[in-house]
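To keep things clear, I will list the structure first and then write my remarks on it.
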Amino acid sequence: MKKYRDSGSKDTRSGFGAGLEELGKTNENVVALCADLTGSLKMNAFADQNPDRFFQVGIAEANMMGIAAGLTIGGKIPFTGTFANFSTGRVYDQIRQSIAYSGKNVKICASHAGLTLGEDGATHQILEDIGLMKMLPHMVVINPCDYNQTKAATIAIADYEGPVYLRFGRPKVVNFTPADAKFEIGKGDVLTEGTDVTIIATGHLVWEALQAAEALEGTGVSAEVINMATIKPLDEKAILVSVAKTRCVVTAEEHNRFGGLGESVAQTLVTNNPVPQEFVAVNDSFGESGTPAQLMEKYGLNADAIVAAAQKVIARK
Numbered sequence: 000m001k002k003y004r005d006s007g008s009k010d011t012r013s014g015f016g017a018g019l020e021e022l023g024k025t026n027e028n029v030v031a032l033c034a035d036l037t038g039s040l041k042m043n044a045f046a047d048q049n050p051d052r053f054f055q056v057g058i059a060e061a062n063m064m065g066i067a068a069g070l071t072i073g074g075k076i077p078f079t080g081t082f083a084n085f086s087t088g089r090v091y092d093q094i095r096q097s098i099a100y101s102g103k104n105v106k107i108c109a110s111h112a113g114l115t116l117g118e119d120g121a122t123h124q125i126l127e128d129i130g131l132m133k134m135l136p137h138m139v140v141i142n143p144c145d146y147n148q149t150k151a152a153t154i155a156i157a158d159y160e161g162p163v164y165l166r167f168g169r170p171k172v173v174n175f176t177p178a179d180a181k182f183e184i185g186k187g188d189v190l191t192e193g194t195d196v197t198i199i200a201t202g203h204l205v206w207e208a209l210q211a212a213e214a215l216e217g218t219g220v221s222a223e224v225i226n227m228a229t230i231k232p233l234d235e236k237a238i239l240v241s242v243a244k245t246r247c248v249v250t251a252e253e254h255n256r257f258g259g260l261g262e263s264v265a266q267t268l269v270t271n272n273p274v275p276q277e278f279v280a281v282n283d284s285f286g287e288s289g290t291p292a293q294l295m296e297k298y299g300l301n302a303d304a305i306v307a308a309a310q311k312v313i314a315r316k
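Going by numbering that gives the first Met the number 0, the first residue of the sequence shown is number 0, and it counts up by one from there.
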């Protein structure tokens with residue numbers, strides 16, 4: 000099995016900041032808007048280097064989405080920045096009506112997603128955002144796995160014409176993807192090849208999936224791991240090619256099991272090639288206050304949970 004090296008833990012929000020800073024130097028049409036969280040979104044460098052292209056709108060997220068939609072009419076490529084909860088739930092009407100409905104070229108960039116927001120608790124730990132955004136026609140949904148991939152995805156979405164939801168997080172996580180890898184929207188990456196079970200993971204759960212595959216290998220189980228950074232459009236071909244070999248699948252995500260990656264994969268399978276599936280996700284509940292590590296353990300979002308799910312789904316074949 001191919002091994003991946005931890006090149007040092009970094010937060011994915013800093014990957015976004017680095018990508019945005021690079022875009023500030025290479026694409027004069029990129030502008031950025033923030034809802035009073037410039038430091039938290041790591042947008043400082045872009046703001047400092049491009050003061051005429053950065054708009055601090057304050058705690059007025061709905062207004063930010065409307066401004067962003069308007070800026071696209073003049074050919075600008077706006078990147079909005081705030082916490083995932085405020086990027087989606089608070090402004091869903093504005094996104095639906097002003098951005099998605101008319102296919103405006105707005106990049107909705109959302110940090111502090113999922114349980115790993117940590118101590119701020121359930122009110123801020125949105126676990127429904129992927130579902131909210133993937134149900135909107137025209138909307139692309141991306142959830143990269145580490146710093147390098149988040150930076151690459153940030154750069155890539157500037158070249159895509161249309162609305163995008165880019166989801167990333169607060170804590171430092173293992174950075175293991177190649178720094179020079181280009182991000183391709185809609186393409187899943189097969190990280191390890193296997194024949195007994197397919198593990199499809201997104202975001203912070205990708206590294207955990209790799210650790211699970213290594214543990215399974217020690218028990219004689221060959222696991223194929225797919226990093227599904229783009230949830231919409233979903234790479235159905237990668238899924239179907241993999242399950243044709245393994246005949247079973249585990250999905251893993253830091254999101255409610257309803258509305259997330261797992262449901263999209265299940266729809267693909269039931270339409271094309273029904274096989275047993277197990278879900279590693281939050282089981283229809285809100286989060287709570289705690290450290291990211293404590294919460295991921297309590298809610299069963301880690302390598303151990305993926306191993307258990309793989310063993311269960313293999314037994315169902």
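Note that the Cβ used here is the ideal one computed from N, Cα and C, for glycine as well.
Nothing here was measured: the structure is a model prediction, and the numbers come from that model.
Below 6 Å CB to CB, which residues in the same chain sit around residue i once its five sequence neighbours on both sides are set aside?
i: E192; result: E223
i: A61; result: V90 and Q93
i: Q293; result: none
i: L190; result: V224 and N226
Tell me the DSSP secondary structure of residue i in three-state form.
i: E253; result: strand
i: V189; result: strand
i: S110; result: strand
i: L116; result: helix
i: I184; result: coil
i: L32; result: strand
i: L371; result: Residue numbering for the chain in the displayed model covers 0 to 316; residue 371 lies beyond these limits and cannot be assessed.
i: I125; result: coil
i: A178; result: coil
Less than 7 Å between C-beta atoms, sequence neighbours within five positions excluded: which residues of the same chain meet that for residue i?
i: I305; result: I198, E207, A208, A211, V249, A251 and V279
i: G161; result: G102, N104, H137 and V139
i: G185; result: T229, P232 and D234
i: R315; result: C247 and P275
i: K236; result: none
Along the alpha helix (DSSP H) that carries residue i, what are the first and last residues, could you check?
i: R12; result: T11 to T25
i: V306; result: A302 to A314
i: P291; result: P291 to K297
i: N147; result: Y146 to I156
Which two residues bound the contiguous beta strand (DSSP E) that contains residue i?
i: V173; result: Careful: V173 lies outside any beta strand (DSSP E) and carries neither H nor E.
i: T201; result: Where T201 is concerned, there is no enclosing beta strand (DSSP E), given that its DSSP letter is neither H nor E.
i: V318; result: Because the chain is modelled from 0 through 316, residue 318 falls outside the range shown and cannot be assessed.
Compute every distance between the C-beta of residue i and the non-hydrogen atoms of the ligand ZN, then say whether any falls below 8 Å.
i: L70; result: The ligand content of the structure shown is nil, which means the ligand ZN is not present either.
Kindly list the residues whose CB is nearer than 8 Å to the CB of residue i, restricted to its own chain and excluding five residues on each side of it in sequence; keep chain order.
i: L40; result: R12, F15, G16, C33, G80, T81, C108 and S110
i: P50; result: none
i: A59; result: A34
- List in chain order: all unbroken beta strand (DSSP E) runs of 3+ residues lying wholly within the region 224 to 248. Taking only runs of at least 3 residues, the beta strand (DSSP E) segments lying wholly in the region 224 to 248 are 229 to 231.
- Could you tell me whether the region 240 to 253 touches the region 57 to 77, where touching means 3 or more Cβ pairs closer than 8 Å? In short, these stretches do not touch, since the Cβ pair count stays below three.
- Item | Start-end ranges of the beta strand (DSSP E) lying completely within the region 260 to 287, minimum 3 residues | Counting whole runs of 3 or more residues, the region 260 to 287 contains the beta strand (DSSP E) stretches 276 to 281.
- Does the region 165 to 177 come close enough to the region 107 to 126 to have 3 or more Cβ pairs within less than 8 Å? Contact holds: three or more Cβ-Cβ distances are below 8 Å.
- Could you name each continuous alpha helix (DSSP H) segment of 4 residues or more that falls completely within the region 26 to 109, going from the start of the chain to the end? For the alpha helix (DSSP H) assignment, the uninterrupted runs of no fewer than 4 residues enclosed by the region 26 to 109 are, from N- to C-terminal side, 43 to 48, 60 to 72 and 83 to 87.
- Counting Cβ pairs, one atom from each stretch, are 3 or more of them under 8 Å apart for the region 42 to 53 and the region 17 to 33? Cβ pair count under 8 Å is three or more, so yes.
- Task: Check whether the region 122 to 133 touches the region 144 to 160, taking contact to mean three or more Cβ pairs, one atom from each stretch, closer than 8 Å.
- Result: Touching, no, given that fewer than three Cβ pairs across the two stretches are closer than 8 Å.
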